[in-house]
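Listed in order, the protein sequences are those of chains A and B.
Under UniProt numbering, the first residue of the first sequence is numbered 1, with each subsequent residue one higher.
Under UniProt numbering, the first residue of the second sequence is numbered 1, with each subsequent residue one higher.
Read the structure below first, then the notes.
2 protein chains.
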Amino acid sequence: MNENSLETIELEMAVLIRRITSITSDKRNGILDRSAYLLLLQLHVQGSSGVKALADEFQLDTSTVSRQAAGLEQKGYVEKVPDPMDGRAYFYQITDFGIKVLVEYKQGRLDRITKLLNGWSDEDCEKFGDLLRKFNQSIVGKK
Amino acid sequence: MNENSLETIELEMAVLIRRITSITSDKRNGILDRSAYLLLLQLHVQGSSGVKALADEFQLDTSTVSRQAAGLEQKGYVEKVPDPMDGRAYFYQITDFGIKVLVEYKQGRLDRITKLLNGWSDEDCEKFGDLLRKFNQSIVGKK
DNA sequence: TTATATAGTTGTATAGTACAATTATTAAAC
DNA sequence: GTTTAATAATTGTACTATACAACTATATAA
Numbered sequence: 001m002n003e004n005s006l007e008t009i010e011l012e013m014a015v016l017i018r019r020i021t022s023i024t025s026d027k028r029n030g031i032l033d034r035s036a037y038l039l040l041l042q043l044h045v046q047g048s049s050g051v052k053a054l055a056d057e058f059q060l061d062t063s064t065v066s067r068q069a070a071g072l073e074q075k076g077y078v079e080k081v082p083d084p085m086d087g088r089a090y091f092y093q094i095t096d097f098g099i100k101v102l103v104e105y106k107q108g109r110l111d112r113i114t115k116l117l118n119g120w121s122d123e124d125c126e127k128f129g130d131l132l133r134k135f136n137q138s139i140v141g142k143k
Numbered sequence: 001m002n003e004n005s006l007e008t009i010e011l012e013m014a015v016l017i018r019r020i021t022s023i024t025s026d027k028r029n030g031i032l033d034r035s036a037y038l039l040l041l042q043l044h045v046q047g048s049s050g051v052k053a054l055a056d057e058f059q060l061d062t063s064t065v066s067r068q069a070a071g072l073e074q075k076g077y078v079e080k081v082p083d084p085m086d087g088r089a090y091f092y093q094i095t096d097f098g099i100k101v102l103v104e105y106k107q108g109r110l111d112r113i114t115k116l117l118n119g120w121s122d123e124d125c126e127k128f129g130d131l132l133r134k135f136n137q138s139i140v141g142k143k
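Next comes the structure, spelled out in structure tokens:
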């Protein structure tokens, strides 16, 4: 494999994470943080589930997800309902308000990314999306 | 611009940050954290500089860089030398030990990324590196 | 029916960041 | 030249995002 490409990816990945971390910690960019966003999105797209399933899905510790879910509940974006089949377990269910906030937040993200990608060719946008997805899948597989 | 590509990039970017954040918080992955690594790399490649210049370069708050630099100094990776031209300012200079640690850490990162990219074509690797660099440059320009 | 596994929560710790206040020093105004 | 304003760096505080360890309550297996 080309050593030079690897070095570029290695460096630019580090830079990317730092830049994005900095941007998403900016409160002007919406009421949701990145993690809450992904959690809410998952509950919206895949339906209700519990802390364990979410933690597995995201490869996070259950304690992390538990706190994030509690935060979402506290803000009224999700409802916590006991699992009738298992006295230990709960389902988190996105509320109408949660959906509304999710949609708005996502649009804000899309707007910012659209600005960033101003001037990029359609081909590059498509390829970038594909490669990011592929890379993320590689991480899941190999971690 | 293609709406679909945008949505993919938007989503996969969020996922990527979460996954990488998780990986780099794993202590097995070396003695440096990502931020310290970038700081040290900058001091190695671009030469000594002060907190202000580093903060500008990285678009971080000076307080953040100040603490990171203090951490590097404490570990003996850099030396803090007063600027002879300005009594307020200092230069942080990478030490031989710092260079050694930097090189080792970088190799660890490269090894992990090489594993992740196992099975990728040379073309995709090259393209991914190029697009990441381009995206990072877009962030600097537009932020 | 006792032992073990599981779902979830909470306490504690760390990295990484920002903002505000402070100190020391330099540069600018007058 | 003295006062005022700007700048380099540090420190206090706070917040997000994460992990690990200890714990509670419930369920499953021996």
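Where is the CB? At the ideal position from N, CA and C, for every residue including glycine.
Whole-angstrom distance between residue j and residue i, CA atom to CA atom
i: Ser48 of chain A; j: Ile20 of chain A; result: 29 Å
i: Leu132 of chain A; j: Gly119 of chain B; result: 15 Å
i: Asn136 of chain A; j: Leu54 of chain B; result: 30 Å
i: Ile9 of chain A; j: Leu40 of chain B; result: 18 Å
i: Asn4 of chain A; j: Tyr90 of chain B; result: 34 Å
i: Tyr105 of chain A; j: Asp124 of chain A; result: 25 Å
i: Phe58 of chain B; j: Val103 of chain A; result: 31 Å
i: Leu38 of chain B; j: Glu73 of chain A; result: 37 Å
i: Phe97 of chain B; j: Ser22 of chain A; result: 29 Å
i: Asp83 of chain B; j: His44 of chain B; result: 18 Å
i: Glu7 of chain A; j: Asp130 of chain A; result: 20 Å
i: Thr62 of chain B; j: Leu116 of chain A; result: 25 Å
i: Gly76 of chain B; j: Arg67 of chain A; result: 37 Å
i: Asp56 of chain B; j: Thr64 of chain B; result: 12 Å
i: Tyr113 of chain B; j: Arg88 of chain B; result: Reading the sequence as shown, one finds Ile at residue 113 of chain B and not Tyr. Rounded to whole angstroms, Ile113 of chain B to Arg88 of chain B spans 41 Å at the Cα level.
i: Asp86 of chain B; j: Tyr92 of chain B; result: 14 Å
i: Gln107 of chain A; j: Ile139 of chain B; result: 18 Å
i: Val101 of chain B; j: Gln46 of chain B; result: 17 Å
Residues that residue i bridges to, as DSSP identifies them
i: Pro82 of chain A; result: A:Tyr90
i: Ser49 of chain A; result: A:Tyr92
6 Å CB neighbourhood of residue i in its chain, flanking five on each side removed
i: Arg34 of chain B; result: Thr24
i: Lys143 of chain B; result: Bear in mind that a pLDDT of 42 at Lys143 of chain B, under 50, signals an unreliable position, so the number given afterwards is only what the model happens to contain. Excluding residues within five positions, none has a Cβ falling inside 6 Å.
i: Leu60 of chain A; result: none
Presumed contact (8 Å Cβ cut-off) between residue i and residue j, rounded CB distance
i: Val78 of chain B; j: Ile94 of chain B; result: 5 Å
i: Val81 of chain A; j: Ala69 of chain A; result: Not a contact, Cβ separation roughly 12 Å.
8 Å Cβ shell around residue i - same chain, five flanking residues per side excluded
i: Glu126 of chain A; result: none
Residues near residue i by beta carbon distance below 7 Å, same chain, minus five either side
i: Lys134 of chain A; result: none
List, from N- to C-terminal side, the beta strand (DSSP E) runs of 3 residues or more that fit wholly inside the segment 88-138 of chain A. Counting only unbroken stretches of 3 or more residues, the beta strand (DSSP E) elements lying wholly within the segment 88-138 of chain A are 90-94, in sequence order.
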